[in-house]
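**Student:** Below is the structure I would like to discuss, written out as structure tokens.
Protein chains: 2
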Amino acid sequence: MNIGVFDSGFGGLTVLRALLEHIPGADFCYLGDTARLPYGAKSRQTVARYATSSARFLVEEGAEYLVIACNTASALALDDIRAAVSVPVLGVVETGANAARASSATGDVLVIATAATVESHAYAAACAERGLRVLEKACPLLVPLVEEGWIDRPVTAEVLRIYMTELMEQAQAARFTPDTLVLGCTHYPLLRAQIERTVPRSLRVIDSAEVTAEQVAQVLGAGGGAANPGSRVRFFATDSVAKFAALGSRFLGRTIPRVDLVDLGG
Amino acid sequence: MNIGVFDSGFGGLTVLRALLEHIPGADFCYLGDTARLPYGAKSRQTVARYATSSARFLVEEGAEYLVIACNTASALALDDIRAAVSVPVLGVVETGANAARASSATGDVLVIATAATVESHAYAAACAERGLRVLEKACPLLVPLVEEGWIDRPVTAEVLRIYMTELMEQAQAARFTPDTLVLGCTHYPLLRAQIERTVPRSLRVIDSAEVTAEQVAQVLGAGGGAANPGSRVRFFATDSVAKFAALGSRFLGRTIPRVDLVDLGG
């Protein structure tokens, strides 16, 4: 089984990392559309055009199953991607919402994400479809903190404390009784331990990278390719291959030996 | 005199704010190309196309003098803009470099800016032309901190302390004797007091919004329109007019009563 993973950048490598753990026998190809990021501020039409060309590239490279590890593309272009390719497609917003539904007893869920994801209200819509009430909060400082590599700095703990205090106050004001917090950005799994330390213990933290890998493993059956003696993983990016390898290794948790540059046009 | 001010977003409103103080008699029109931001990650050709269409719009609206308050457009497209319009054009990178030249006795200058501006090495080139040595540092957390409005939070002081300590260590390792620090991003004037509190007293802080206004006032002569009883200021944006008015007021230091939406195409 060859699994294609797509993101606008390298945040989706946290999803690939979880997939490698859950489906060790499969092969993987990862595409970061780094030349055209960020998707967050772009129109639905443009995101759909970028995401479908990226998805087609991965299928041409042999992907038999696609994981859309980009929140914006999952939110705005999942139907377009499904129409453009003939392989099964799963997006991180729906897997996060599935996991929230399975986790929450009270039906009240909190989501933290980038400003663009919050403004799209993609998690709110996906959670509402599953009968959940949702409070979404944009945390625009978390991505640059992760990209600076300041994971364990006191300043990051303080930023998290401010965001989480605000979120819990908003939840209280809205008479929410939340028991689940969804990490709605592929950068946030790197801060998972810090976030769990900051929020009340009554809140279960849903790491969308982790739950996406679990759900893919479930769909593909035990192992998804267990006969395969070792995974072959290939990396593609549309820009700045050196930066991708350097920064990406932090997200993947292991060295990225080679990244191939691809041109998908404007 | 009607002065046009252009930025990809609302950061350039710090430049407009300084211009209003220095040239109180002039009229102003401000354009934020918010639909197409950020410029930082885009190619020179694309930035030039966006910036020239924006500059032409301001001239059509009556601007007789253009201030390019966008670091990326100043760095990548100043010649294209000058070729596209018949009015004088001044960019924030050159005014910042001019002020650094006038300020520095040692000839060693520090610049802090966004990652995109640092990667363009625009300040390094402009300062080198003026016989200065430069050390540039990207500070990617400062823009989101300003946009969150966390100006006076302890967490912002701590982020500044980390960045400035790293910068001074790099300066020492490079055997620099800096006496001047250029704020190479139009968001940073909002943190000027905090930055001045963090750096050694021997370092003079150059606020590029402030020095741009001074240099425009100098070029246009005393007052630049002193006969005018009061400034007329018009605001245009290519997207999210409501967000522009709300967030922009913080940068301008006064309420923005009205923003007109304009369509400059893709």
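As they're listed, the protein sequences go chains A and B. Residues are numbered in the working numbering as their position in the first sequence, beginning at 1, plus a constant of 146. Residues are numbered in the working numbering as their position in the second sequence, beginning at 1, plus a constant of 146. Ideal placement from N, C-alpha and C gives every residue a C-beta, glycine not left out. These figures come from a predicted structure and were not determined experimentally.
(1) If we cut at 9 angstroms on Cβ distances, does L336 of chain B have a partner in chain A?
(2) Alpha carbon to alpha carbon, how far is R347 of chain A from M314 of chain A? Give it in angstroms, no decimals.
(3) Which of the three DSSP states is assigned to C285 of chain B in this structure?
(4) Any idea which residues DSSP pairs A259 of chain B with across the strands?
(5) Applying the 10 Å Cβ sphere with the 16-neighbour rule, what's the burial state of V365 of chain A?
(6) Since A246 of chain B contacts V255 of chain B with CB under 8 angstroms, what's their CB separation in whole angstroms?
(7) Could you compute how far the alpha carbon of R338 of chain B sits from the alpha carbon of T332 of chain B?
(8) According to DSSP, is I297 of chain B helix, strand or coil?
(9) If I measure Cβ to Cβ from S266 of chain B and keep anything under 6 angstroms in the same chain, skipping five residues before and after, which residues do I get?
(10) Which bits of chain B does L287 of chain A rub up against, with CB to CB less than 8 angstroms?
(11) Kindly say whether R378 of chain A, judged by its beta-carbon, lies nearer than 9 angstroms to any beta-carbon of chain B.
(12) Output needed for V305 of chain A: all residues of its chain with C-beta closer than 7 angstroms, excluding positions within five of it in sequence on either side, in chain order.
(13) Hey, how far is the Cα of R404 of chain A from the Cα of T180 of chain A?
(14) For V289 of chain A, which residues in the same chain have their Cβ closer than 6 angstroms to its Cβ, ignoring the five residues on either side in sequence?
(15) Measuring straight from C-alpha to C-alpha, what distance separates D153 of chain B and V379 of chain A?
(16) Determine whether the Cβ of V301 of chain B lies closer than 9 angstroms to any Cβ atom of chain A.
(17) Please decide whether P324 of chain B counts as near chain A, where near means a Cβ-Cβ distance under 9 angstroms.
(18) Assuming the contact rule is C-beta atoms closer than 8 angstroms, L224 of chain B and I214 of chain B should be a hit. Round their C-beta distance to whole Å, please.
(19) Can you list, in chain order, the stretches of the alpha helix (DSSP H) that have 4 or more residues and sit fully within the segment 207 to 282 of chain B?
(20) For I227 of chain A and A194 of chain A, what's the separation of their Cα atoms in angstroms?
(21) Assuming Y196 of chain A contacts F381 of chain A (C-beta within less than 8 angstroms), just tell me the rounded distance between them.
(22) Do L281 of chain A and A317 of chain A count as a contact pair if the criterion is CB distance below 9 angstroms?
(23) When you compare each of B:G295, B:G150, B:F156 to P234 of chain B by their alpha carbons, which one comes out closest?
(24) Below 7 angstroms CB to CB, which residues in the same chain sit around C273 of chain A once its five sequence neighbours on both sides are set aside?
(25) Please report how far the alpha carbon of A359 of chain B lies from the alpha carbon of A383 of chain A, in whole angstroms.
(26) For T302 of chain B and K283 of chain B, I'd like the C-alpha separation in whole angstroms.
(27) Using the Cα positions of S157 of chain B and F397 of chain B, report the straight-line distance between them to the nearest angstrom.
(28) If we ignore side chains and look at the alpha-carbon of each, how far apart do S200 of chain B and V238 of chain A end up?
(29) Could you please tell me which residues of the segment 254 to 284 of chain B, in chain order, have their CB closer than 8 angstroms to any CB of chain A?
(30) At the level of alpha carbons, what is the spacing between V357 of chain A and A320 of chain A?
(31) In this structure, what does DSSP give as the bridge partners for L407 of chain B?
(32) Please report the residue range of the beta strand (DSSP E) in which I352 of chain B lies.
(33) Assuming L393 of chain A contacts E275 of chain A (C-beta within less than 8 angstroms), just tell me the rounded distance between them.
**Tutor:** Quick look at the numbers:
(1) no
(2) 13 angstroms
(3) coil
(4) DSSP, once it has assigned bridges, lists B:A284 as partnering A259 of chain B.
(5) In this structure V365 of chain A is exposed. Its beta-carbon is surrounded by fewer than 16 other beta-carbon atoms within 10 angstroms.
(6) 5 angstroms
(7) 11 angstroms
(8) coil
(9) Cβ neighbours of S266 of chain B beyond the five flanking positions: A221.
(10) L287, P290, L291, E294
(11) no
(12) If the five residues before and after V305 of chain A are omitted, its C-beta is found closer than 7 angstroms to the C-beta atoms of L287, L291, all from its own chain and listed in chain order.
(13) 16 angstroms
(14) H333
(15) 42 angstroms
(16) Interface residue, yes.
(17) no
(18) 7 angstroms
(19) Here the runs fully enclosed are 217 to 230, 238 to 249, 261 to 266, 268 to 275.
(20) 7 angstroms
(21) No, Y196 of chain A and F381 of chain A are not in contact; Cβ-Cβ is about 18 angstroms, not under 8 angstroms.
(22) yes
(23) That would be B:G150, whose Cα lies nearest to the Cα of P234 of chain B.
(24) A243, A246, V255, V280
(25) 42 angstroms
(26) 17 angstroms
(27) Checking the sequence, you will find Gly at residue 157 of chain B rather than Ser. The straight-line gap from Cα to Cα measures roughly 7 angstroms.
(28) 37 angstroms
(29) none
(30) 28 angstroms
(31) B:A383
(32) 350 to 353
(33) With 8 angstroms as the limit, L393 of chain A and E275 of chain A do not qualify as a contact, their Cβ atoms being about 34 angstroms apart.
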